[in-house]
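Report on one structure; see the data block that follows.
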Amino acid sequence: MKHNILPDDDGGGRRIIGLSLGAFAIFFLLLSRLWYLQVVNADDLMNQSENNRLRFVPVAAPRGAILDRNGKVLVTNTPSFSVAVIPQDVKDKEQLIDNLARYLNLDRNEIETKWNKGQGRAKYYPLVVASGITRDQMEFLEENRLSLSGVNIEMKPIRAYANGTLASHLLGYLGEVNEEELNSEKYLEYNAGDYIGKSGIERAWESYLHGTDGGRQIEVDARGRFLRTVAETGSSVGNTVMLTVDLNLQKAAEQAMGDMAGAVVAMDVNTGEILAFSSNPDYDPALFTGRMPPDIWKQYLEDERHPLENKALKGMYPPGSTFKIITAIAGLEEGLINENTTVECNGSYKFGNATFRCWEHKGHGTVNLRRSLRESCDVFYYKLAERLGVNRIAAYAKRFGLGAPMGVGLENEKGGIIPTEQWKLKRFGKKWFAGETLPVGIGQGYVLTTPVQLASMIATVANEGKIYRPQLVKRVVDADGKVLKEFSPQLAGTTGLKPETYRLVKEGLFAVVNEPRGTGGMARLWEVKVAGKTGSSQVVRDSKAGMAYKYRDHALFVAFAPYEKPEIAVAVVVEHGEHGGSAAAPVTAKVLRAYFEGKGVIKKPVPKIQPQQQGEAVAEPDGQAAPQAPPATPATENRSGNSDR
-4 MKHNILPDDD
6 GGGRRIIGLS
16 LGAFAIFFLL
26 LSRLWYLQVV
36 NADDLMNQSE
46 NNRLRFVPVA
56 APRGAILDRN
66 GKVLVTNTPS
76 FSVAVIPQDV
86 KDKEQLIDNL
96 ARYLNLDRNE
106 IETKWNKGQG
116 RAKYYPLVVA
126 SGITRDQMEF
136 LEENRLSLSG
146 VNIEMKPIRA
156 YANGTLASHL
166 LGYLGEVNEE
176 ELNSEKYLEY
186 NAGDYIGKSG
196 IERAWESYLH
206 GTDGGRQIEV
216 DARGRFLRTV
226 AETGSSVGNT
236 VMLTVDLNLQ
246 KAAEQAMGDM
256 AGAVVAMDVN
266 TGEILAFSSN
276 PDYDPALFTG
286 RMPPDIWKQY
296 LEDERHPLEN
306 KALKGMYPPG
316 STFKIITAIA
326 GLEEGLINEN
336 TTVECNGSYK
346 FGNATFRCWE
356 HKGHGTVNLR
366 RSLRESCDVF
376 YYKLAERLGV
386 NRIAAYAKRF
396 GLGAPMGVGL
406 ENEKGGIIPT
416 EQWKLKRFGK
426 KWFAGETLPV
436 GIGQGYVLTT
446 PVQLASMIAT
456 VANEGKIYRP
466 QLVKRVVDAD
476 GKVLKEFSPQ
486 LAGTTGLKPE
496 TYRLVKEGLF
506 AVVNEPRGTG
516 GMARLWEVKV
526 AGKTGSSQVV
536 RDSKAGMAYK
546 YRDHALFVAF
556 APYEKPEIAV
566 AVVVEHGEHG
576 GSAAAPVTAK
586 VLRAYFEGKG
596 VIKKPVPKIQ
606 PQQQGEAVAE
616 PDGQAAPQAP
626 PATPATENRS
636 GNSDR
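Take the sequence shown: its letter number 116 is residue 111 in my numbering, and every next letter is one higher.
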């Protein structure tokens, strides 16, 4: 019997063929994928492989130095250590943040906030989570590296202040770039964790001081641990900024102020270069580059002298009797007074139902222009202001650049206030009353000026009409010594006044310092002739002796020297110092003495009598005390009276 086995053979053959085709298809797919990976996508895969093995570590550029006008170092750099994290290498973010907070004694939320700022960036890019760690903290982290995957310690240069807190408001401070700044066009090339200038020269000249960052390409193992440096691009140090200030004069200004709050601005009469720029009290700019100690921050905020405020640039004060210079100039130019014009001062002046008192409650008697400046008679200027009107006074004040920012070059400079009838209507929606003009004549009422403006005003009087833009930077130099920028004096305008006007006013200012009964006798230098004007400005109406510090009058003094051929102008404001002659004038004298000692015009004296407490006469080389104004009791004032002692 025969059996037919073909159907079985045909089925087996088909299965074999099907398996062969399937195996061929799989092989073809594998071969195609292999060809795609090794030929078509080889470059891309190579880059991905390298990125998993290689890391780019940025190297911050040292900032450029800041020098004084003579090349003395004010700010340079010193090494600092920061903690950076590579997010891609972190296995447990929460545990890592907990460990860092514990090891570094930092607030956990602070570290997490910095971590979150880096979201959206490449995961292999270092993210700075802590700056300014101590050497002990650095060593501790190194010892615990096994529990801190993804953590690197970076060295970054930070600012070193050669003279501590000196000129802190001028130089400014650094701070970590924030999220808003990172998103702005100005800081496109900056990275999270970078430091930028936040105030002062550091901020104004950031683009020159910052330099160009470099970097290192390093190889790491599978756990992100450093193996070797593959390539390195060096950073370029920032440019050097040379200021116009003189280090020795800056020291003299700050030492002269001592613990008193206020400002000192010294300016070259013939160029506008600022020689000293002091705001008191100061602060420590080095603290802002690390973690500010909470107790010190609290102290800064609670200090009623406001150490964080740049008073020289932003402090707006009634100029008090220093403004009588402007009122006198307006009266002379308008032909309302001359050197022989006299006014009878009996201690007060009645206008309508109001009584405006003179600081000398007994009165000055018959007063002419020279004596009105010398003894700072308020009544003379009440009557003159009444005749001038507020608009004419304002017009002459604005000729000197008052009422608007001077263009110093630092941000947020204040412009002060020079009131007019239109200004009040726009500001308060009320008309100007004639009685409001009288306080304006003696620098009270709505009038506000900054110390920089007062320095510019007295400098313009000294040089008889040239208004130079106050200048803080002389030149910018790169690392090779090439001058990138150099600044010449900038004439912002001229006053267009008659020479005779300046002669008469300057003679009165000379009398203030050098003649008997002059209110500024404590600014006298025996070797160099000084001219100036005292001022006291009310903080509250009807100020009385013995009231709380914050309600006492401000003390002011403006001066220039030498009288015959002026070189330097100085403006001093002592907050709540009460009397310009006893609080601000001695500060001015010390600044001027330091200036002329530096030039070799004055030799350092060996006084026969040691200087006494603030407000008393200071012994000069021959043992004689500078002539003083006679004792006077501040008047109880209705609205405006000043005491300029």
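All C-beta atoms, glycine included, are put in the ideal place defined by N, C-alpha and C. Model, not experiment: these values are computed from the prediction.
Pro662 in three-state terms, based on DSSP = There is simply no residue 662 to check, as the chain begins at -4 and stops at 640 in what is shown.
request  = Sort out for me which residues DSSP pairs Gly192 with in a bridge.
outcome  = Bridge partners of Gly192: Leu169.
task = Quickly, what does DSSP pair His549 with across the bridge? List them, please.
result = The secondary-structure analysis by DSSP pairs His549 across a beta bridge with Ser532.
task = Could you tell me which of Ile81, Ile291, Lys469, Gly233 sits nearest to Leu482, measuring between CA atoms?
result = With the sequence shown as reference, residue 482 is identified as Phe, and Leu is not the correct amino acid for it. Taking only the C-alpha atoms, the option nearest Phe482 is Lys469.
key: Cα-Cα separation between Pro314 and Ala554, rounded to whole angstroms   = Near 14 Å, if we compare the C-alpha coordinates of Ala554 and Pro314.
Close-in-space but distant-in-sequence residues of the same chain around Gln608 (CB under 6 Å, 5 per side omitted) = In this prediction, Gln608 has a pLDDT of 40, which is less than 50 and means its spatial position is unreliable; what the coordinates show is noted afterwards. Result list for Gln608: empty, nothing under 6 Å.
message = Can you check which of these residues, Arg365, Gly575, Leu405, Met287, is closest to Tyr497 by C-alpha distance?
response = Measuring from the Cα of Tyr497, the nearest candidate turns out to be Arg365.
ask   = Taking just the CA atoms, how far does Glu495 sit from Leu551?
value = When rounded, the distance between both Cα atoms is 26 Å.
C-alpha distance - Gly358 paired with Asn158, whole-angstrom precision = Pairing Gly358 with Asn158, the inter-Cα distance amounts to about 49 Å.
ask   = Leaving out the 5 sequence neighbours to the left and right, which residues in its chain are closer than 6 Å to Ala454 when beta-carbon positions are compared?
value = Around Ala454: Met262, Val264, Ala564.
inquiry  = the ligand ZN and Pro313: does any heavy atom of the ligand fall closer than 8 Å to the residue's C-beta?
reply    = In the structure on display, the ligand ZN does not appear, and there are no ligands present to speak of.
For Glu615, the three-state DSSP class (helix, strand or coil) = Here Glu615 scores only 29 on pLDDT, less than 50, and its place in the model should not be relied on; the value that follows carries that caveat. The answer is coil: DSSP assigns Glu615 none of H, G, I, E or B.
request  = Give the single residue among Leu177, Val80, Trp354 whose Cα lies nearest to the Cα of Ser144.
outcome  = Residue Val80 is the option with its Cα nearest to Ser144.
ask   = Once you ignore the five residues that flank Leu14 on each side, which residues in its own chain have a CB closer than 7 Å to its CB?
value = Nothing meets the Cβ criterion.
key: 7 Å Cβ shell around Ala566 - same chain, five flanking residues per side excluded   = The answer, listed in chain order, is Val260, Pro446, Leu449, Ala450, Ile453, Val553.
ask   = When burial is assigned at 16 or more other CB atoms within 10 Å of the CB, is Glu406 buried or exposed?
value = The residue is exposed, with fewer than 16 neighbouring Cβ atoms inside 10 Å.
task = Alpha carbon to alpha carbon, how far is Leu238 from Trp354? Give it in angstroms, no decimals.
result = Roughly 41 Å between the two C-alpha positions.
inquiry  = What would DSSP say about Asp279, mapped onto helix, strand or coil?
reply    = Here Asp279 sits in coil by DSSP.
inquiry  = Quick check on Ala256: does DSSP put it in helix, strand or coil?
reply    = Coil, per DSSP.
ask   = DSSP puts Ala556 in a beta bridge; with which residues?
value = DSSP output for Ala556 lists Ile563 as bridge partner(s).
query = How should Lys477 be labelled, buried or exposed, when 16 other C-beta atoms within 10 angstroms of its C-beta is the threshold for buried?
reply = That one is exposed.
inquiry  = Helix, strand or coil, according to DSSP, for Ala155 in the structure here?
reply    = Ala155: strand per DSSP, three-state reduction.
message = Helix, strand or coil for Glu175? Go by DSSP, reduced to three states.
response = Note: Glu175 maps to helix in three-state DSSP.
request  = Report buried or exposed for Ile291, applying the criterion of at least 16 other Cβ atoms within 10 angstroms of its Cβ.
outcome  = Residue environment for Ile291: exposed (fewer than 16 other C-beta atoms within 10 angstroms of its C-beta).
query = Quick one: Cα of Asp298 to Cα of His571, how far?
reply = Counting only the Cα atoms, His571 lies some 14 Å from Asp298.
ask   = For Ile12, does the count of other Cβ atoms within 10 angstroms reach 16, so buried, or fall short, so exposed?
value = Answer is exposed; the Cβ neighbour count stays below 16.
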